[in-house]
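A.B. asks: What follows is a structure written as C-alpha cells; I'll ask about it next.
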Amino acid sequence: VSHPKPSLEDLFRSMLRIRLFEDAAMRLFMANEIPGTTHLYQGQEAVSVGVCSVLGPDDAVAATYRGHGACLAMGTDPTALMAELLGRSTGVNGGRAGSMNVIDLAHGVVGCFGIVGGSIVAATGAALASQLRRDGGVAVAFFGDGATNQAYFHECLNFAGVRRLPAVYVCENNLYGEWTPMANVTAGGSIVQRADAYGIPGVEVDGNDVLAVISAAEEAVGRARGGEGPTLLECKTYRHKGHSRLDDGSRYRPADEVTEWLARDPIPLLAEQLDDAVVEQLEDEVAEEIGAAVAAARAALPATPAAASAFKEAG
Amino acid sequence: VTVRSFREAIGEALAAELDRDPTVVLLGEDVTLGGVFNTTPGLVDRFGPERVVDTPISELAFTGAAVFAAIRGLRPVVEIMFADFLALVMDTLQNQASKYWYVSNNQASVPLVVRTAVGAGGRFGACHSQTPTSMVLGEPGLKLVAPSNAVDAKQMLRAAIQDDNPVVFFEHKLLYGRKGELPADDAPTEPLGRAAVARSGGDVTIAAAMAAVETALEAAESLAADGIEAEVVDLRSLRPLDVETIAGSASKTRRLVVVEEGPAVGGYAAEVVAASVEGVDSLRARRVMMPDHAIPFSPLLEDAALPTPAAVADAARDLLS
C-alpha cells in the first residue's frame, strides 16, 4: 500500500490543528462548558502527526486518554470531537465516550483508553486480525512511558514478537507518568532497551522533530507490512501542560527543564522550514477551522437520555 | 444423532463453527494439543495453526488481542484454562469488551467468546476450583452462558460464537464426561438468554445452573419420595436472565430455591431471587450456596463446602413447612 507523502504544509496544518483544538478545549474547560477532566496533548503533536502520516486507510491506531492528537491526526472531524468533549449528541460517540474514551472506526481509531496500557492490547488485537485475515493492515499503539510498566506492555510485546504481528508500538516518553519522573519508577532506566528482551527492534526518536518521527515510522510500518514483525519506537517528547485538568506540572517539573523543552516546541521547529507567509496563511486557516468547529459543536444539542442496550441485537 | 460427551460437544461446536465461518479463530494455551481438558483435540489438524493458535501464558494479552481482533473482523474464541484466571483478564473484559458497543455509540460490537472451566470437586484447591460467575455478573454488555448438559454445551457454544456480543461461556469440569445425543453440526440454534424447565412440578421451584442442576434434580427425586413435586429450572443463561421462565414457574409454586455453586454473597442466586420477588407476589425463597470462605483442598473439607441434594431438599421442605 503506497500513499502520497505529506507535504510540510500538511504536517504543519495537522500539528497546528491539534494545538489550537486543545487551546479551545482548555478555554471551554475553564469556562465549565467541558465537564469532567481533560488531558492535553500539547507539545507532543509531532509524534502522532508524524506516525499517522505514513498510515493508510486500512491501518488502525489505538491511543490513550491523552488522545485528541491521535484522533485528529487520523482525520477525526474536529467538530465531532469537540462535540464529544462537550457531551453533545453530534459527538463522535454521541456523548457516550467523552474525552478519554473516543472511538472513531471510520478513521481507523479503534479506541482511546482511560486505563493505562489499554491501547497496547488494542493495537495488538488489530494487528492479529490483520495478520490472520492477510489484509495488509498495520496497527499502531500510542502510549506513555508510564504504560511500559504495565502487564499489557510486556505481555503484548512478547505476544507480538513471537507471532511477528504487524504492529508498531509508539511510546511517547514525556518523562513523567502522571506526576512521577519516569526514572524513579522504571527499572533499567531505558524503555527502548526493553525491545531487546522481546527480540524486536527498538528505536529512539526525537519526538519533537516530525520529520525524524516520519522517518522512523516509515521504517517500522514498512517492516510490519512486510511481515517482519513489530517495532518499538521510543519518541522523546514533553507535554507542555500538566497531566490533567488544573495541574500545570509546576509541583514536580523543574522550571529550567520546562523552559528547555518549550524552546524545542515541535510546531515552531517545523515552521522554521516554511516561508513565513505560508505559516501565517496556515495559522489563519486553522484558526478559522477550529473557530468554526467550536461554534458548530457548541450549537449542537446536548445528548439526551434515551433507552439503550449494552447488547447488539441480532438481525 | 450421536451419543457423545459434553467434552466432545465442545469440540464439535468449535469444529462446526470453524468450518461454517472462516472468521472464527481459536486461541488459548495448549489448544493445538487439545488443552488440559481435552476439548480441542484434532482441530489444528483440520483447520491449521493460523486458526487454532497456541498462545503464551499471557491471558490478558491474548484475551485483549482477541477483543480487538473481534472489532476488526474476526470472531475469536478464547480459552481461559481455569475460570480462576479470569481475574487476570478483567480489564479487557470489563473496561474494553463489555463497553465497546455502547460507548462507541454502536460503531462496532465485540463478537468474542471466552470459554472457561469452572467448578469444585476436583481437589484442585482454592485457585483452580472456583465458579467466579459473580466476578462478571454485574457487568453490562457481557452475556454469560452456563450449560448443564452435553446438548446445551454444543448448541449454546455455537449460538455464542454466532452472537455479535462478548460471551463468557462456563464449562463445569464435572460435566465434561456427561453424555447426550448431540444434534447435527448444522442443526438450528436458539438465541442465548433462555432458561429451560428440566423437570416439571407444582409445589416448589428449584433454579440452578451447570452441575448444580444435577444437584437440584437429585433433590427433586428425594422430595418426590415424600410426595413433593419440585419444578427444576435450568437457568442456562446467567446474563441475560430468563426472568419470564423463572418467575413463571415461581408464580405457580410461590416457593423458590436457588442453588449456586459459588460464593455466598453477590452471586446469580441473589439476582434470581431478587428478580423473582419483584415479579411474583408472596413468594418465599431460599438460597443454597457455598460457605463464605475459600474452597478448601482436602476432600472432606471440599465436599462439605459444596451444595448437596440434601441441603437443597431441606431448603425446599423448609419453604413448605
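One line per chain: the protein sequences are Y and B, in this order. Quick note: the first sequence uses the numbering used here, first residue 13, plus one each step. Quick note: the second sequence uses the numbering used here, first residue 1133, plus one each step. C-beta: ideal position from N, C-alpha, C; glycine also.
1) Where Gln143(Y) and Pro1372(B) are concerned, what is the direct C-alpha to C-alpha distance, given to the nearest angstrom?
2) State the Cα-Cα distance for the pair Asn1238(B) and Leu117(Y), rounded to the nearest angstrom.
3) Could you say if the segment 1272-1280 of chain B and the segment 289-296 of chain Y meet the contact criterion of at least three C-beta pairs nearer than 8 Å?
4) Determine the closest residue to Arg1207(B) out of Ala1344(B), Val1299(B), Val1268(B), with distance taken between C-alpha atoms.
5) Would you kindly check if the distance between the Cβ of Glu1363(B) and the Cβ of Gly1253(B) is under 8 Å?
6) Would you mind reading off the limits of the alpha helix (DSSP H) that contains Asp208(Y)?
7) Enumerate in chain order the residues of its own chain whose CB-to-CB distance from Leu28(Y) is below 7 Å, with the five nearest sequence positions on each side excluded.
8) Looking at the unbroken beta strand (DSSP E) that takes in Asp1186(B), where does it start and where does it end?
9) Would you please state the rounded distance, in angstroms, between the beta carbons of Ile1142(B) and Gln1262(B)? I believe it to be under 8 Å.
10) For a contact defined as C-beta to C-beta under 7 Å, what are the partners of Pro1188(B) on chain Y?
11) Name the chain Y residues whose beta carbon is nearer than 9 Å to that of Val1199(B)?
12) So within the segment 24-103 of chain Y, which uninterrupted alpha helix (DSSP H) runs reach at least 4 residues, ignoring any that extend past its ends?
13) Express the C-alpha separation of Ala72(Y) and Pro1264(B) in angstroms, rounding to a whole number.
14) Three Cβ pairs or more, each shorter than 8 Å: is that satisfied between the segment 1157-1176 of chain B and the segment 304-324 of chain Y?
15) So who's on the other strand from Arg1136(B), going by DSSP bridges?
16) Of the choices Asn185(Y), Val174(Y), Gly261(Y), Glu184(Y), whose alpha-carbon is the least far from that of Glu240(Y)?
17) Looking at chain A, which residues of the segment 105-126 of chain Y have a Cβ within less than 7 Å of any of its Cβ atoms?
18) Can a CB atom of chain B be found closer than 8 Å to the CB of Ala320(Y)?
19) Look at the alpha carbon of Arg1139(B) and the alpha carbon of Gly1309(B), and state the distance between them as a whole number of angstroms.
20) Just to confirm my understanding: we take Pro1181(B), look at its own chain, exclude 5 residues before and 5 after, and list those with CB closer than 6 Å. What are they?
21) Report yes if the CB atom of Ala312(Y) is closer than 8 Å to the CB atom of Ser131(Y), and no otherwise.
22) To the nearest whole angstrom, what separates the beta carbons of Tyr77(Y) and Cys124(Y), a pair I think is in contact under 8 Å?
23) For the alpha helix (DSSP H) holding Tyr1400(B), just list the boundary residues, first then last.
24) With a 10 Å radius around its C-beta and 16 neighbouring C-beta atoms as the bar for buried, classify Phe1429(B) as buried or exposed.
25) So, for Thr136(Y): in the same chain, excluding its five sequence neighbours on each side, which residues have a beta-carbon less than 8 Å away from its beta-carbon?
26) Taking C-alpha atoms, which residue in Gly214(Y), Ala275(Y), Leu281(Y) lies nearest to Ile203(Y)?
27) Quick one: is Val13(Y) near chain B, going by C-beta distance under 8 Å?
28) So what does DSSP say about Tyr181(Y), is it helix, strand or coil?
29) If we ignore side chains and look at the alpha-carbon of each, how far apart do Gly234(Y) and Ile212(Y) end up?
30) Does the Cβ-Cβ distance between Gly1333(B) and Glu1361(B) come in under 8 Å?
31) Reducing DSSP to helix, strand and coil, say where His1304(B) ends up.
32) Considering just the uninterrupted stretch of the alpha helix (DSSP H) at Lys324(Y), what are its terminal residues?
33) CB-CB under 6 Å to Val257(Y), same chain, minus the five flanking residues each way: which ones, in chain order?
34) Under the assumption that Val1420(B) contacts Ala1447(B) (Cβ atoms under 8 Å), give the Cβ distance between them as a whole number of angstroms.
35) Run down chain Y in chain order and give the residues with a C-beta less than 8 Å from the C-beta of Val1135(B).
36) Can you check which of these residues, Val59(Y), Arg251(Y), Gly110(Y), is closest to Ile46(Y) by C-alpha distance?
C.D. replies: A quick look at the data gives this:
1) Position 131 of the first sequence, counted from the first residue, corresponds to residue 143(Y). Position 240 of the second sequence, counted from the first residue, corresponds to residue 1372(B). The straight-line gap from Cα to Cα measures roughly 34 Å.
2) Mapped onto the second sequence, residue 1238(B) falls at position 106. Mapped onto the first sequence, residue 117(Y) falls at position 105. If you take the alpha carbons of Asn1238(B) and Leu117(Y), they lie about 11 Å apart.
3) Not touching, per the Cβ criterion.
4) Residue mapping note: residue 1207(B) aligns to position 75 of the second sequence, counting from 1. Minimum Cα distance to Arg1207(B) is reached at Val1299(B).
5) As a position in the second sequence, residue 1253(B) is number 121, starting the count at 1. As a position in the second sequence, residue 1363(B) is number 231, starting the count at 1. No.
6) One-based indexing of the first sequence puts residue 208(Y) at position 196. Under the DSSP assignment, Asp208(Y) falls in the alpha helix (DSSP H) whose first and last residues are 206-209.
7) Taking the first residue of the first sequence as position 1, residue 28(Y) is located at position 16. If we look at Leu28(Y) and ignore the five residues flanking it on each side, its Cβ neighbours are Ile279, Leu294, Glu295, Val298.
8) Here residue 1186(B) refers to the residue found at position 54 when the second sequence is read from its first residue. Boundaries of the beta strand (DSSP E) harbouring Asp1186(B): 1184-1186, taken from the DSSP string.
9) Along the second sequence, one-based indexing puts residue 1142(B) at 10. Along the second sequence, one-based indexing puts residue 1262(B) at 130. Their Cβ separation, rounded to whole angstroms, is 20 Å, which puts Ile1142(B) and Gln1262(B) out of contact at 8 Å.
10) One-based indexing of the second sequence puts residue 1188(B) at position 56. The contacting residues are Asn170, Phe171, Val174.
11) For the purposes of this step, residue 1199(B) is taken as residue 67 along the second sequence, with counting starting at 1. Residues of chain Y passing the Cβ test: Val133, Ala134, Gly137.
12) You should have 57-64, 80-86, 90-97.
13) Stepping through the second sequence from its first residue, residue 1264(B) is reached at position 132. Stepping through the first sequence from its first residue, residue 72(Y) is reached at position 60. Rounded to the nearest whole angstrom, the C-alpha separation of Pro1264(B) and Ala72(Y) is 34 Å.
14) Taking 8 Å as the limit for Cβ pairs, the verdict is that the segment 304-324 of chain Y does not touch the segment 1157-1176 of chain B.
15) Reading the second sequence from its first residue, position 4 is the one you call residue 1136(B). Residue pairing by DSSP places Arg1136(B) opposite Gly1312(B) in a beta bridge.
16) If you number the first sequence from 1, residue 240(Y) lands on position 228. It is Val174(Y) whose Cα lies nearest to the Cα of Glu240(Y).
17) Reference to chain A is not applicable here, since the protein chains of this structure are Y and B.
18) Counting from 1 along the first sequence, the entry for residue 320(Y) is found at position 308. By this cut-off, Ala320(Y) is an interface position.
19) Mapped onto the second sequence, residue 1139(B) falls at position 7. Mapped onto the second sequence, residue 1309(B) falls at position 177. One C-alpha to the other measures close to 6 Å.
20) Here residue 1181(B) refers to the residue found at position 49 when the second sequence is read from its first residue. Contacts found: none.
21) Sequence index remark: in the first sequence, residue 312(Y) carries index 300 (1-based). Sequence index remark: in the first sequence, residue 131(Y) carries index 119 (1-based). No, they are not a contact pair.
22) For the purposes of this step, residue 77(Y) is identified with residue 65 of the first sequence, where counting begins at 1. For the purposes of this step, residue 124(Y) is identified with residue 112 of the first sequence, where counting begins at 1. Approximately 6 Å separates the beta-carbon atoms of Tyr77(Y) and Cys124(Y); this is inside 8 Å, confirming the contact.
23) As a first step, residue 1400(B) must be located in the second sequence, where it is residue number 268. In this chain, the alpha helix (DSSP H) harbouring Tyr1400(B) covers 1400-1411.
24) Within the second sequence, the letter at position 297 stands for residue 1429(B). Exposed, because fewer than 16 other Cβ atoms sit within 10 Å of the Cβ of Phe1429(B).
25) Mapped onto the first sequence, residue 136(Y) falls at position 124. Counting only residues of its own chain and dropping the five nearest sequence neighbours on each side, Thr136(Y) has a CB closer than 8 Å to the CB of Ala151, Ala153, Cys168, Phe171, Ala172, Leu177, Ala179.
26) Locating residue 203(Y) in the first sequence gives position 191, counting from the first residue. If you compare the alpha carbons of Gly214(Y), Ala275(Y), Leu281(Y) with that of Ile203(Y), the shortest gap goes to Gly214(Y).
27) On the first sequence, residue 13(Y) is found 1 positions in, with the first residue counted as 1. Bear in mind that a pLDDT of 45 at Val13(Y), under 50, signals an unreliable position, so the model cannot answer this.
28) In the first sequence, counting from the first residue as 1, residue 181(Y) sits at position 169. DSSP places Tyr181(Y) in strand when its eight states are reduced to three.
29) As a working mapping, residue 234(Y) is identified with position 222 in the first sequence. As a working mapping, residue 212(Y) is identified with position 200 in the first sequence. Gly234(Y) and Ile212(Y): Cα-Cα distance of roughly 14 Å.
30) Residue numbering aside, residue 1333(B) sits at position 201 when the second sequence is read from its first letter. Residue numbering aside, residue 1361(B) sits at position 229 when the second sequence is read from its first letter. Gly1333(B) is a Cβ neighbour of Glu1361(B), given a cutoff of 8 Å.
31) The count along the second sequence starts at 1 and reaches residue 1304(B) at position 172. It is a strand residue.
32) The residue you call residue 324(Y) lines up with position 312 of the first sequence. From DSSP, Lys324(Y) is part of no alpha helix (DSSP H); its letter is neither H nor E.
33) Counting from 1 along the first sequence, the entry for residue 257(Y) is found at position 245. A small fix is needed here, since residue 257(Y) is Arg in this sequence, not Val. Here the set comprises Thr49.
34) Reading the second sequence from its first residue, position 288 is the one you call residue 1420(B). Reading the second sequence from its first residue, position 315 is the one you call residue 1447(B). The distance from the Cβ of Val1420(B) to that of Ala1447(B) is about 5 Å, consistent with a contact at the 8 Å cut-off.
35) Along the second sequence, one-based indexing puts residue 1135(B) at 3. Here the premise fails: no neighbours, minimum Cβ distance about 31 Å.
36) Residue 46(Y) sits at position 34 when you count from the first residue of the first sequence. Comparing Cα-Cα distances from Ile46(Y) to each of Val59(Y), Arg251(Y), Gly110(Y), the minimum goes to Gly110(Y).
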